[in-house]
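Visitor: Pasting a structure here, questions to come.
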Amino acid sequence: MEPYKDLSRSIAGHTAIITGAASGMGRASAHLFASQGAKVAVTDLDQAKCDAVAQEIAEAGYPGDALAMALDVTDPSAIETAIAAAVDAFGGLDIVVNNAGFARHALIEDEHYPQVWSDSLEAMLTAQQRIIRASLPHLRQSAHPRIVNIASTEGQGATPGNSPYVAAKHGVIGLTRGMAVDLGREGITVNCVCPGPIRTGITEAIPEEHKEIYAKRRVPLRRYGFPEEVAHITLSLVLPSASFITGAVIPVDGGLTIKNA
Ligand code: NAI
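Okay, so the sequence shown: first residue is 337 according to this note's numbering, each after it adds one.
In C-alpha cells:
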C-alpha cells in the first residue's frame, strides 16, 4: 500500500475574492476564510458596506486579513480593476467565490419582465463568467486554484414567478460544469453550491411566520439555514485537500430538494 497522504485542510495565507460579501453568505464566507488565515477581498456594490465587514473582520482578530473594495459585478472594467487590486495587495489569487446576487420575481407577461431577465442574467450568470475569465491568469499561478460559484436550489427546479432567477441559476450550474471540464487539466477546480432557504438579506423581508410555515412543509430539517452553514461548505471546497472534486453541484438546503411529499 502507498503511504497515507496527509492533505492540507488549511487556507492560511491563501488569497480569495468574494463578490457580494457585504451581506449574507458572502459576508459569512469572508469571516470564515479570514478566521482560517486567508487574505480576503470583500467586494460588493457599496464601499461603506464593504468597509464595515472588513472592520468586523479586523476587530475579530482573525489571523487573516480583509481588503474592502466596491465592485459592481455587472461592470466588466470594474471586475478587471478589482482583481488587479486584490492581486496587487495580496500578491496573488487562489480562490474565487462568485456569490453576488439578488431576487426579483417577475411573470413572463409583466411589463418589467425583460428588464428583470437581463438584470438577473447579467449579474448572476454573465458576471460569474467574466470574473472567472479575469481571474484565470492569476489562478494559473496558484498551487491550489479554486472557484466556487453560488447557484441555488432554483438551479435545479423552479418556484413560480421566478423564471429569470431560475434561468440564471440553472446557467450557473452549466457554467460550473463547463468550466470544470475545460480547466480540469490545469488542476483548477470549479464547483457550485446550491443553497436552499437561508437567513440573509434576500430573505429578510419574508415574515417569520411565513418562513416557519414554508420550512415545516418543505424542508426536512424544518427551518431556514444560516449563512455560516453555507460558508462552511464553500470553505470545504476551497481547501487544498479538496483537490479531486470538480464540477460538483452541492445542495445546502436542509433536504429541500430530496423531499417529495
Ligand atoms: P444578501 O442579499 O444577503 O447578499 C447578496 C449581496 O450581493 C448583497 O450584499 C448585494 O449588495 C450583492 N449584490 C447584488 N448585486 C450585486 C452586483 N451587481 N455587484 C456586486 N454585488 C451585488 O443575499 P444572500 O442570500 O447572501 O445571496 C448570496 C447568493 O446566494 C446570491 O447569489 C443568491 O442568489 C444566492 N442564494 C440565496 C438564497 C437564500 O435563501 N438567501 C438561496 C439560494 C441562493
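Think of the CB as a built atom: it goes at the ideal place given N, C-alpha and C, for glycine as much as any other residue.
Because the structure is a prediction, the values reported are computed rather than measured.
Helix, strand or coil, according to DSSP, for Ile354 in the structure here?
Guide: The sequence position of residue 354 within the sequence shown is 18, counting from 1. Strand, per DSSP.
Visitor: Considering Cα atoms alone, identify which of Ile534, Arg553, Asp408 and Asn434 is closest to Asn596.
Guide: The residue labelled residue 596 in the question sits at position 260 within the sequence shown. When only C-alpha atoms are compared, the closest one is Arg553.
Visitor: In or out: Val517 buried (at least 16 other Cβ within 10 Å) or exposed?
Guide: Numbered from 1 along the sequence shown, position 181 holds the residue referred to as residue 517. Per the 10 Å Cβ criterion, exposed.
Visitor: Within 10 Å of its beta-carbon, does Leu343 have 16 or more other beta-carbons around it, so buried, or fewer, so exposed?
Guide: Here residue 343 refers to the residue found at position 7 when the sequence shown is read from its first residue. Exposed.
Visitor: If you measure between the beta carbons of Glu564 and His441, is that distance less than 9 Å?
Guide: Position 228 of the sequence shown, counted from the start, is the residue given in the question as residue 564. Position 105 of the sequence shown, counted from the start, is the residue given in the question as residue 441. Contact flag unset, no.
Visitor: Using a Cβ-Cβ cutoff of less than 7 Å, which residues in the same chain neighbour Pro399 once the five nearest sequence positions on both sides are dropped?
Guide: Against the sequence shown, residue 399 aligns to sequence position 63. Within the same chain, Pro399 has close Cβ partners Ala348 and Gly373.
Visitor: Relative to the alpha-carbon of Thr306, which residue among Met361, Ile468 and Pro587 has its alpha-carbon at the smallest distance?
Guide: Past the edges of the chain, shown from 337 to 597, lies residue 306, and the structure says nothing about it.
Visitor: Tell me whether His546 is buried or exposed, calling it buried when 16 or more other Cβ atoms sit within 10 Å of its Cβ.
Guide: Here residue 546 refers to the residue found at position 210 of the sequence shown. Classification of His546: exposed, given that the 10 Å Cβ count is below 16.
Visitor: Where does the unbroken beta strand (DSSP E) through Leu592 begin, and where does it stop?
Guide: As a first step, residue 592 must be located in the sequence shown, where it is residue number 256. Neither: Leu592 is in no beta strand (DSSP E) and is coded neither H nor E.
Visitor: Give a yes or no on whether the C-beta atoms belonging to Thr351 and Asp430 are separated by under 9 Å.
Guide: Sequence index remark: in the sequence shown, residue 351 carries index 15 (1-based). Sequence index remark: in the sequence shown, residue 430 carries index 94 (1-based). In contact: Thr351 and Asp430 (Cβ atoms closer than 9 Å).
Visitor: Can you list, in chain order, the residues of its chain whose CB lies under 7 Å from that of Ala504, leaving out five sequence neighbours each side?
Guide: Mapped onto the sequence shown, residue 504 falls at position 168. The residues are Ser456, Leu457, Met460 and Leu461.
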